[in-house]
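What follows is a short report on a single structure.
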Amino acid sequence: MKYGIVLTYTVTERWLALSREQRNAMRAAHLEPVFAAYADRVTARFFDAEAFTGRVSDFAVLETEDLGAYYFLVEALRDTPVISEGYLTFADIFLGVEDGFQAYEQALSHGSEARCSWMGSD
């Protein structure tokens, strides 16, 4: 199954106080390598939201079939100075299953108990 994740976050005043050159250098040194390491299992698109909401400044839309890879990506991000030194904070995270109802209906039509093996229970 394919999972869609909306990862909302805010860049802090500390980040905004950096020059654009410093921000670009930090992004290239710390964030891009993490996303590149998981690019074969997690796709990511990034959106600016600060002009449209006061709750968060940005959000990312991630897709994966491997929740473990997504989880490890987030842990790797948390290990970067961008997060550990307070330049960026995560807010809400929304997770959904692409067409999950169809997988459920297919399992029912095959006479199975519609077990959730995709969530780790057999």
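Going by my numbering, the first residue of the sequence shown is number 36, and it counts up by one from there.
Glycine included, every Cβ here is placed at the ideal spot set by N, Cα and C.
Are the CB atoms of residue j and residue i within a distance shorter than 7 Å?
i: R76; j: A104; result: yes
i: L123; j: Y73; result: no
i: A95; j: F81; result: yes
i: T78; j: E48; result: no
i: S92; j: V132; result: no
i: L66; j: V117; result: yes
i: L108; j: I40; result: no
Starting from residue i, trace the alpha helix (DSSP H) both ways and give me its first and last residue.
i: F70; result: E67 to A72
i: E98; result: E98 -> not in any alpha helix (DSSP H); beta strand (DSSP E) instead, spanning D93 to T99.
i: A142; result: G135 to S144
i: F81; result: Segment V77 to D83 is the beta strand (DSSP E) holding F81; no alpha helix (DSSP H) there.
i: L102; result: L102 to R113
By Cβ distance, which residues of its chain are closer than 7 Å to residue i, with the 5 residues on each side in sequence left out?
i: K37; result: E98, E100 and E133
i: G121; result: T47 and R49
i: A84; result: V91, S92, D93 and F94
i: L51; result: none
In chain order, what residues of the same chain have a beta carbon less than 8 Å from the beta carbon of residue i, not counting five sequence neighbours either side?
i: P68; result: none
For residue i, I'd like the list of residues in its chain whose CB is within less than 6 Å of its CB, leaving aside the five on either flank, ordered along the chain.
i: D127; result: T43
Got a sec, what are the start and stop residues for the beta strand (DSSP E) residue i sits in?
i: L123; result: L123 to V132
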